[in-house]
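The numbering of the sequence shown is my numbering, which starts it at 166 and goes up by one.
We treat Cβ as the ideally placed atom computed from N, Cα and C, and that holds for glycine.
Worksheet for the structure shown next.
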Amino acid sequence: MRSTITARGQTVVPAPIRERFQLGPSTRLEWIVEGDGTIRVVPVALDPITAFRGSGAGGATTRLLADRRHDRQQEG
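Quick look at the structure:
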């Protein structure tokens with residue numbers, strides 16, 4: 166499935182994706198750029214506890230530490 170980005174930076178989430186993941190007009194999406202240049206789009210739960218659950222399972226801690234290490238190298 167493909168979509169196009171408009172001049173205003175907007176795109177359409179294809180209907181089969183919206184239906185499968187129950188995405189609606191008020192659904193917020195998080196865009197994550199992986200180290201290999203891959204972009205992931207993840208729906209963000211409205212309930213912050215639900216959104217946080219399982220967040221450590223995908224290497225988030227490793228990414229956070231790598232980001233902090235990179236920031237320190239850029240500073241000095």
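Closest residue to residue i among the options (Cα-Cα distance)
i    : options          : result
A180 : R173, M166, G174 : M166
P190 : I170, V209, L230 : V209
Neighbourhood of residue i by C-beta distance below 7 Å, restricted to the same chain and skipping five residues each side
i    : result
R205 : I197, E199
Proximity below 9 Å, CB of residue i to CB of residue j
i    : j    : result
E177 : E195 : Sequence inspection shows Val at residue 177; the Glu mentioned does not correspond to that position. Not in contact: V177 and E195 (Cβ atoms no closer than 9 Å).
R193 : L211 : yes
Contact set for residue i: own chain, Cβ-Cβ below 8 Å, skip 5 residues either direction
i    : result
R183 : G189
**Request:** Taking only runs that begin and end inside the segment 173 to 217, name each unbroken alpha helix (DSSP H) of 4 or more residues, in chain order.
**Result:** 180 to 185, 213 to 217
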